[in-house]
Amino acid sequence: MSEDAVAAVDLGRGLTLPNPVGLASGTAGYGFELEQLIDINRLGALYTKGTTVHPREGNPPPRVAETGGGMLNSIGLQNPGIDAVAATHAPRWKDWAIRVIVNIAGGSVEEYVHCVTVLEPVAEVAGIELNISCPNIAQGLDFGRDPVAAARLVAAVRAVTERCVIVKLSPNVTDIAAVARAVEDAGADAVSAVNTYIGKKIHRASGRSVLPLGTGGLSGPAIQPLALAAVAAVCDSVHIPVIGVGGIVDAASARDYLVVGARAVQVGTATFVNPETALQVLDGLRG
Amino acid sequence: MTADLRRASLETGEVLVVERLGGGILELVARLPHIAATAQPGSFVQLRCGSGTTPLLRRPFSVAWTQGDTCGFVFEAVGAGTRLLADLKPGDPLDSLGPLGHGFSVVDTGPVVCVSGGLGCAPFPLLINELRRRGVEDILVLNGARTATRLYPAERFARPAVPVVAEATDDGTRGHHGAVTDLLAQALQSNPSALYACGPNPMLGAVMRTLLESGAELPPTLEASLEAPMGCGFGTCLGCALPMLGEDGTPVWRLCCTDGPVMPMREVDWEGLSALPGADVA
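Heads up: the sequence lines are chains C and Z, in that order.
Using the working numbering, you'd call the opening residue of the first sequence number 1 and step up by one each time.
Using the working numbering, you'd call the opening residue of the second sequence number 288 and step up by one each time.
Take a look at the structure:
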């Protein structure tokens with residue numbers, strides 16, 4: 001690949017990412033930690049932690065468990081709530097070159113619409129990523145598993161914002177392409193795929209689940225081939241831009257997503273291991 | 288509040304030795320100039336175990352001590368990650384991220400009591416060194432373990448001069464026959480200005496219970512270094528939640544990696560902590 005691979009990406013409605021490499025939701029907070037560790041402004045986009053109407057304390061520990069080539073998480077969308085993000089966090093993004101896309105989660109259409117509405121006057125927000133795929137909260141997957149419900153949600157959000165709306169899809173479905181087509185038809189500007197896979201780990205000394213809620217979301221290099229198949233299926237089914245995410249650890253594993261048709265990528269769990277991974281992916285795609 | 292990570296950096300150093308101390312306790316010594324120069328008492332470092340994708344995540348270790356451009360880490364080979372670290376040879380690269388975490392509030396006047404259980408010895412040499420640099424000489428270490436071979440050697444808690452170390456073993460093979468907390472009552476008679484503790488959660492809970500039941504005034508500085516299963520170590524994954532008490536005494540989660548690992552013992556939700564399942568280290 002070359003400069004073409006890292007050229008700016010137009011996601012629609014005025015949102016152009018300076019380059020295709022982003023930090024995935026849930027692995028970069030709101031940017032304030034990684035800002036101290038790496039030059040995040042070289043990256044294309046930061047997709048924030050999933051944010052809800054009200055602050056959430058998150059799930060009881062243990063919240064993470066390591067698996068072969070991956071990790072399970074059950075964070076439970078711990079976040080400060082949309083008002084704090086709009087009032088306290090967003091002003092700190094003012095001078096950032098990286099585009100900050102706020103990931104929004106909710107239990108009802110009204111909650112998503114409320115969050116999007118709160119962000120409407122906030123200039124520092126570059127776009128919205130609708131999280132319809134969190135496996136770790138009640139109702140987290142209700143929209144992601146049902147094309148009709150997903151479309152209804154997107155249409156409702158579409159009605160209240162002119163901002164670029166990306167829909168983050170769940171892989172925990174029979175036909176991810178059907179959900180992708182439904183949200184495209186309902187007015188989504190782009191889709192990102194995939195969120196984590198539902199997984200389970202047993203504490204072998206006790207026979208009980210390691211994670212207190214029984215299951216968690218699997219991420220890391222173990223899921224890359226699975227996610228790549230899902231993203232390829234989505235790319236074959238929609239005309240809007242697709243953002244590939246799942247198990248990227250280097251430029252080669254990121255390039256796979258571009259090869260199957262994704263326009264941009266997100267680096268997630270690999271950032272935990274090496275905060276510079278996304279920058280290395282960017283440099284590797286360029287070189 | 289955003290964690291202060293300005294000192295943290297990726298650094299690939301060099302293994303100097305992995306020393307077998309007996310009882311399965313290992314001391315990894317590595318040349319890591321950045322960590323050695325910037326670690327504070329209670330800081331930890333995220334070490335990469337191997338270079339593959341399994342085990343995937345780094346493992347957190349307290350910085351046990353620093354000397355020149357080297358530092359030491361005390362651990363035991365209990366899982367896939369620590370087994371890889373145990374097999375490191377002199378000259379092997381060591382991939383580190385740190386220093387991380389909120390460390391001890393180091394007092395300027397003694398007496399000071401340090402309570403260590405098993406591998407909970409790890410953060411104390413660096414802490415004791417800093418205490419002595421500040422002129423605090425009256426330092427008592429209460430060191431407990433299951434059996435004599437698993438007691439961190441007294442002379443390693445500080446170099447060159449050794450603080451007073453009182454030992455306890457569950458099986459009576461050295462020192463007091465019983466729990467390290469049995470030694471607390473006498474230690475408290477000196478009215479310590481600070482008590483620092485590190486060890487398994489049940490032991491830390493027992494320390495707090497013993498302090499409260501003693502009726503003695505609690506030391507003004509009362510801190511414990513805690514641990515939790517950790518994803519990133521720098522505050523973004525939110526995986527290492529610990530049960531703490533908020534300002535109004537209600538339970539809240541705090542992050543071991545950035546709010547801790549050193550926490551005020553008065554603010555720990557000891558009931559919640561004791562209810563957590565044991566570590567998964569297959």
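The beta-carbon is built from N, C-alpha and C at its ideal position, and this holds for glycine as well.
Tell me the DSSP secondary structure of residue i in three-state form.
{"i": "Pro530/Z", "result": "strand"}
{"i": "Gly41/C", "result": "In the sequence as displayed, the identity of residue 41/C is Asn instead of Gly. Asn41/C falls in the helix class under three-state DSSP."}
{"i": "Phe411/Z", "result": "helix"}
{"i": "Asp10/C", "result": "strand"}
{"i": "Ser501/Z", "result": "helix"}
{"i": "Cys235/C", "result": "helix"}
{"i": "Leu308/Z", "result": "strand"}
{"i": "Gly124/C", "result": "Rather than Gly, the amino acid found at residue 124/C in this sequence is Glu. Coil, per DSSP."}
{"i": "Met71/C", "result": "strand"}
{"i": "Pro538/Z", "result": "strand"}
{"i": "Gln354/Z", "result": "strand"}
{"i": "Phe362/Z", "result": "strand"}
{"i": "Phe521/Z", "result": "coil"}
{"i": "Pro380/Z", "result": "strand"}
{"i": "Val173/C", "result": "coil"}
Considering only residues of the same chain and omitting the five flanking positions on each side of residue i, which have a CB-CB separation below 8 Å?
{"i": "Leu375/Z", "result": "Val302, Val305, Leu315 and Leu381"}
{"i": "Gly236/C", "result": "A small correction: the amino acid at residue 236/C is Asp; Gly does not occupy that position in the sequence shown. Answer for Asp236/C: Ala177 and Gly261, listed in chain order."}
What's the gap between the Cα of residue i and the Cα of residue j?
{"i": "Tyr197/C", "j": "Asp469/Z", "result": "48 Å"}
{"i": "Gly526/Z", "j": "Gly26/C", "result": "10 Å"}
{"i": "His203/C", "j": "Glu124/C", "result": "44 Å"}
{"i": "Val399/Z", "j": "Gly76/C", "result": "40 Å"}
{"i": "Thr277/C", "j": "Met517/Z", "result": "19 Å"}
{"i": "Val191/C", "j": "Pro487/Z", "result": "45 Å"}
{"i": "Gly284/C", "j": "Arg263/C", "result": "16 Å"}
{"i": "Leu343/Z", "j": "Gly69/C", "result": "6 Å"}
{"i": "Arg446/Z", "j": "Asn416/Z", "result": "8 Å"}
{"i": "Pro62/C", "j": "Ala367/Z", "result": "19 Å"}
{"i": "Leu226/C", "j": "Asp256/C", "result": "12 Å"}
{"i": "Asp189/C", "j": "Ile240/C", "result": "6 Å"}
{"i": "Phe143/C", "j": "Leu153/C", "result": "8 Å"}
{"i": "Leu141/C", "j": "Arg335/Z", "result": "34 Å"}
{"i": "Pro551/Z", "j": "Asn59/C", "result": "23 Å"}
{"i": "Arg42/C", "j": "Thr456/Z", "result": "55 Å"}
{"i": "Leu228/C", "j": "Val242/C", "result": "12 Å"}
{"i": "Gly106/C", "j": "Gln266/C", "result": "22 Å"}
{"i": "Thr434/Z", "j": "Leu72/C", "result": "35 Å"}
Contact criterion: CB-CB distance below 9 Å. Does residue i meet it with respect to chain Z?
{"i": "Ala222/C", "result": "yes"}
{"i": "Phe290/C", "result": "With chain C running from 1 to 287 in the structure shown, residue 290/C is simply not present."}
{"i": "Glu33/C", "result": "yes"}
For residue i, I'd like the list of residues in its chain whose CB is within less than 7 Å of its CB, leaving aside the five on either flank, ordered along the chain.
{"i": "Thr497/Z", "result": "Thr468 and Leu471"}
{"i": "Ala90/C", "result": "Val122, Glu124 and Val125"}
{"i": "Ile40/C", "result": "Gly31, Leu34, Leu46 and Ile98"}
{"i": "Thr396/Z", "result": "Val423 and Ser480"}
{"i": "Leu282/C", "result": "Val6, Asn19, Val21, Arg42 and Leu43"}
{"i": "Leu542/Z", "result": "Gly522, Leu525, Cys527 and Ala528"}
{"i": "Ile137/C", "result": "Gly76 and Leu77"}
Residue i touches chain Z at which residues, Cβ-Cβ below 8 Å?
{"i": "Gln78/C", "result": "Leu525, Ala528 and Trp540"}
At the 9 Å Cβ level, is residue i part of the contact set with chain C, yes or no?
{"i": "Pro342/Z", "result": "yes"}
{"i": "Ala290/Z", "result": "yes"}
{"i": "Thr299/Z", "result": "no"}
{"i": "Arg335/Z", "result": "yes"}
{"i": "Leu563/Z", "result": "yes"}
{"i": "Ala484/Z", "result": "no"}
{"i": "Gly518/Z", "result": "yes"}
{"i": "Thr369/Z", "result": "no"}
{"i": "Thr325/Z", "result": "no"}
{"i": "Thr545/Z", "result": "yes"}
{"i": "Leu243/Z", "result": "Since the displayed chain Z opens at 288 and closes at 569, residue 243/Z lies outside it and no answer follows."}
{"i": "Leu427/Z", "result": "no"}
Run through chain C and tell me which residues come within less than 8 Å of residue i, C-beta to C-beta.
{"i": "Arg446/Z", "result": "Residues of chain C passing the Cβ test: none, with the nearest at roughly 33 Å."}
{"i": "Ala515/Z", "result": "Pro61 and Pro62"}
Starting from the beta carbon of residue i, find every residue of chain Z whose beta carbon is closer than 7 Å, and list them in chain order.
{"i": "Val241/C", "result": "In the sequence under discussion, the amino acid at residue 241/C is Pro, which differs from the Val named in the question. Those do not exist, as Pro241/C stays about 26 Å from chain Z at its closest Cβ, beyond 7 Å."}
{"i": "Thr27/C", "result": "Thr523 and Cys524"}
{"i": "Arg286/C", "result": "Chain Z residues near Arg286/C: none, gap ~21 Å exceeds 7 Å."}
{"i": "Gly69/C", "result": "Thr340, Thr341 and Leu343"}
{"i": "Leu37/C", "result": "Leu292, Ala295 and Phe521"}
Identify, in the order they occur along the chain, each residue of the same chain with its Cβ nearer than 6 Å to the Cβ of residue i, setting aside the five sequence neighbours on each side.
{"i": "Cys358/Z", "result": "Leu319, Ile322, Ala323 and Val350"}
{"i": "Asn478/Z", "result": "none"}
{"i": "Leu37/C", "result": "Pro275"}
{"i": "Ala182/C", "result": "Pro147, Ala150 and Ala151"}
{"i": "Ile394/Z", "result": "Reading the sequence as shown, one finds Val at residue 394/Z and not Ile. Only Ser480, Ala481 and Thr508 meet the Cβ criterion."}
{"i": "Gly390/Z", "result": "Gln327, Pro328, Gly329, Ser330 and Val549"}
Taking C-beta pairs closer than 7 Å, name the residues in chain C that residue i reaches, listed in chain order.
{"i": "Pro380/Z", "result": "Per Cβ cutoff of 7 Å: no residues; Pro380/Z is ~14 Å from chain C at best."}
What does residue i touch in chain Z if you count any residue whose Cβ is under 9 Å from its own?
{"i": "Gly58/C", "result": "Leu525, Ala528 and Trp540"}
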